[in-house]
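Engineer: Counting in our numbering, the final residue of the first sequence is number 220, and the numbers go up one at a time with none missing.
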Amino acid sequence: MPRETNAAKRARAIEFCERLDAMYGPVECFLDHGSPFRLVISVLLSAQTTDAQVNKVTPELFGRWPTPADLATATPGEVAEVIRSLGFYKSKARHAVEAARMIVSEYGGEVPHTMEELTRLPGVGRKTANIVLNVSFGIVEGIAVDTHVNRIAHRLALSPKTHEREPLKTEQDLLKILPREYWRDVNHQWIRFGREVCGAKAPKCGECPMVDICPSAGR
DNA sequence: ATCCCGAGGG
DNA sequence: CCCTCTGGAT
2 MPRETNAAKR ARAIEFCERL DAMYGPVECF LDHGSPFRLV ISVLLSAQTT DAQVNKVTPE
62 LFGRWPTPAD LATATPGEVA EVIRSLGFYK SKARHAVEAA RMIVSEYGGE VPHTMEELTR
122 LPGVGRKTAN IVLNVSFGIV EGIAVDTHVN RIAHRLALSP KTHEREPLKT EQDLLKILPR
182 EYWRDVNHQW IRFGREVCGA KAPKCGECPM VDICPSAGR
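#1: Output yes or no for whether 8 Å exceeds the beta carbon distance between V141 and W191.
#2: Determine, using beta carbons only, whether L175 and G124 come nearer to each other than 8 Å.
#3: Is the region 93-106 in contact with the region 65-75, if contact means three or more CB pairs nearer than 8 Å?
#4: Could you say which of K57, R102 and A158 lies nearest to F38 if we only look at CA atoms?
#5: Between the alpha carbons of H189 and P77, how many angstroms are there, rounded?
#6: Is it true that the CB of V58 sits closer than 8 Å to the CB of V83?
#7: Quick one, are the C-beta atoms of F89 and H114 less than 8 Å apart?
#8: Using the rule of at least 16 other Cβ atoms within 10 Å of the residue's Cβ for burial, across every protein chain shown, is I91 buried or exposed?
#9: Helix, strand or coil: how does DSSP classify H114 here?
#10: Quick one: grab the DSSP three-state call for L62.
#11: What number of angstroms, rounded off, separates the C-alpha of V55 from the C-alpha of I214?
#12: Alpha carbon to alpha carbon, what distance is there between L119 and P216?
#13: Nearest to C30 by alpha carbon, out of I104, A53 and S106?
#14: Taking the alpha helix (DSSP H) that K205 belongs to, which residues open and close that run?
#15: For S47, which residues from the same chain have a beta carbon less than 6 Å from its beta carbon, with the 5 sequence-adjacent residues on both sides left out?
#16: Going by other Cβ atoms of all chains shown within 10 Å of its Cβ, with 16 needed for buried, is E172 buried or exposed?
Have a look at this one:
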């Protein structure tokens, strides 16, 4: 059995994206993205929790500290109190304050527009940076690979199993396979599909509209 | 119990 | 590569 060609993977990936597009249309960002700064902080806070949980605390958070300059004056302790209902609240509070301080001291109070600069901010990795570049600045040069995108990429066999715990390699695999025009909507559409159909524990293959193209269907 | 739109450090 | 950080919803 010869190994699958990239062209075959590309065809499957495109068909998957086209069907998602027909099912969902453009999916908007559910987090506060009233400003690039708010989006950075919101995404940073969203690790291992739901957007709904994040949206419960951000009104108070951004009410008290609306701008990077404001949040830079806060202590991690008082921020932690506000975001305590989220997971990992101590490290998130520290990262949020330090990121705000760095945005002020190194970037003149403006959220930077490049992957390199964004990922230098504490608490901001490639996933967060890709979301911010995409949603706030309309820059689509990568794909935000979170737990859902990663899982689906591997279920569709678009990325080899050896990359399952290396999101950067999974992202590079997807960028190689998917035409650029599809990159922008991957994150939000795949996440929705991952939550509603292709869950981590019990994927609903019985009611999945992708079974005919999915190498993992029924396993 | 198990899951939730990660990042940093060892 | 692994582990830790963490609480709320279901």
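For each residue, glycine too, the CB sits at the ideal point set by N, CA and C. This structure is a prediction, so every number in the text was calculated from the model and none was measured.
Structural biologist: Per the coordinate set shown:
#1: No.
#2: Taking 8 Å as the cut-off, the beta carbon of L175 is found no closer than this to the beta carbon of G124.
#3: The region 93-106, when compared against the region 65-75, does touch it at the 8 Å Cβ threshold.
#4: Comparing Cα positions, the closest option is R102.
#5: Cα-Cα distance, rounded: 30 Å.
#6: Yes; because the gap between Cβ atoms is below 8 Å, this pair is in contact.
#7: No, the pair does not count as a contact, with Cβ atoms beyond the cut-off.
#8: Residue identity check: residue 91 is Lys in the sequence provided, not Ile. Sixteen is the threshold: since fewer than 16 other Cβ atoms of the shown chains lie within 10 Å of the Cβ of K91, the residue is exposed.
#9: DSSP, read as helix, strand or coil, puts H114 in coil.
#10: Secondary structure of L62 (DSSP, three-state): helix.
#11: So the two alpha carbons sit approximately 35 Å from each other.
#12: Rounded to the nearest angstrom, the two C-alpha atoms are 36 Å apart.
#13: Ranked by how close their Cα comes to the Cα of C30, the residues I104, A53 and S106 have A53 in first place.
#14: K205: not part of any alpha helix (DSSP H); DSSP gives it neither H nor E.
#15: For S47, where only same-chain residues beyond five positions count, the Cβ hits under 6 Å are V55.
#16: Result: buried.
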